[in-house]
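Quick notes on the structure that follows.
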Amino acid sequence: STMPPLLSAIANAGRRGVLVKSAVVMERLGQIDTVALDKTGTLTEGTPHVTDLRPLPGSGLDEDALLALAASAEHPSEHPLARAVVAAARERALPLTGAEDFTSVPGQGVTATVDGNTITVGAPARLLGTGADARPQRDVVAELEEAGRTAVVVLRDREPVGVLGIADRLRPDAAATVAALTRLTGRTPVLLTGDNERAARHLAAQVGITDVRAGLLPQDKVAAVREWEAQGHKVLVVGDGVNDAPALAAAHSGIAMGRAGSDLALETADAVVVRDELATIPSIVRLSRTARRLVV
Ligand code: ADP
Ligand code: MG
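Written out as structure tokens, the structure is:
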């Protein structure tokens, strides 16, 4: 065809299921030399399932009551972990209570008023104390995380009442994609995640990633990207969540996973993987490099 190379690369990317938003973006993708991958929803499928329900002794809650409480608070959230909690409650046909005053903190969790109580669901590292009184909860969390699960703590009026274990499947093309990106850039991708270190390392080992930055808030992901770019690297960030949006914006190039992706991530990213195959990402970088050679 007589289409300019970058436009025909965009059309080609579209056929592979990747929406590249502009010719400038198409051109920049071929320049990247460092890749930062998010974990939940990016390396994993993003449809996690609740595997463990652990009401704490003294909470007065059984498994169903704990799950109903957490699901009521999580209901307004679009986070993959929130969807898992709500889906688990639906499977057990538990009645949910309307949540009021819902707030969510990206990378940390949610808080809402349920039946007059303040319910918080989120990251143990940010919600559990370090004192001896929090020891029983921390032991449950550690046990679940050793098993590769994401542990989420439920608080009622600031008191821990239970822990949920949530597991997500690795994408079938995750390891092959990491290997292809390593060949393309000469550098193994880095894992940037808000999840805990144990679950992150467990998953990284399965895809051949050794550089793992865990427990990150959205601004920490941005700081990591800025640090590499200050060293002269051109970074590609791949993510799906609201928590990834600032890093997607800060990076040389940002790609969002479309199916599980939050609206904010899709709007902020330079390109969107619509067909939900991670393996299209190295192929789009290759397309860009070819088009750039034809342009110059
Ligand atoms: P990732 O960077 O791996 O995509 P996030 O930054 O979205 O993960 O979340 C980091 C951690 O924050 C989660 O592992 C969880 O502990 C907590 N978290 C975030 N949002 C929620 C939520 N809606 N419900 C429960 N926990 C949450
Ligand atoms: Mg994510």
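full-length UniProt numbering numbers the first residue of the sequence shown as 305 and each following residue consecutively.
Ideal Cβ placement from N, Cα and C applies to all residues, glycine included.
With a cut-off of 8 Å on the beta carbons, I'd call L598 and T572 a contact; round off their distance for me. The pair is not a contact, with the Cβ atoms about 29 Å apart (cut-off 8 Å).
So what does DSSP say about V546, is it helix, strand or coil? helix
How would you call V418, buried or exposed, if buried means at least 16 neighbouring beta carbons within 10 angstroms? Counting Cβ neighbours within 10 Å, V418 comes out buried, since at least 16 surround it.
Neighbourhood of the ligand MG [Cβ distance below 5 Å to any heavy atom], ordered by chain position: D342, T344, G345, D544, G545
Please find out if some non-hydrogen atom of the ligand ADP comes closer than 7 Å to the beta-carbon of N547. yes
Helix, strand or coil for P493 per DSSP? coil
Distance, Cα to Cα, V456 vs L398? Straight-line Cα distance between these residues: approximately 19 Å.
Is E349 near the ligand PLP, going by C-beta to nearest heavy atom under 7 Å? Among the ligands in the structure shown, the ligand PLP does not appear; only the ligand ADP and the ligand MG can be found there.
Counterpart residues of A416 in DSSP-defined beta bridges: I423
Cross-strand partners of A575 (DSSP beta bridge): V324, I559
Environment of D567 [buried if 16+ CB atoms lie within 10 Å]: Around the beta carbon of D567, fewer than 16 other beta carbons sit within 10 angstroms, so the residue counts as exposed.
Hey, which unbroken runs of the beta strand (DSSP E) at 3 residues or more fall wholly within the region 457-522? 463-471, 494-496
Roughly how far, in whole angstroms, is the beta-carbon of L495 from the beta-carbon of V516, given that I think they are within contact range, below 8 Å? 5 Å
Any heavy atom of the ligand ADP closer than 7 Å to the Cβ of V482? Every heavy atom of the ligand ADP is 7 Å or more from the Cβ of V482, so no.
Residues near R396 by beta carbon distance below 8 Å, same chain, minus five either side: D368, L371
Can you tell me which of the three DSSP states P359 falls into? strand
Using a threshold of 8 Å, state whether the C-beta atoms of V425 and L360 are closer than that. no
Any heavy atom of the ligand ADP closer than 7 Å to the Cβ of D515? Incorrect: D515 has no Cβ contact closer than 7 Å to the ligand ADP.
Whole angstroms is fine: what's the gap from L357's alpha carbon to L365's? 11 Å
Helix, strand or coil for T351? Go by DSSP, reduced to three states. Residue state, collapsed to three classes: coil.
E404 lies in the beta strand (DSSP E); which residues open and close that run? 404-409
May I ask you to check if the CB of T424 is nearer than 7 Å to at least one heavy atom of the ligand ADP? no
Taking the alpha carbon of P309 as the reference point, which residue from A327, G321, R319, L323 has its own alpha carbon closest? Looking from the CA of P309, the closest CA among A327, G321, R319, L323 belongs to A327.
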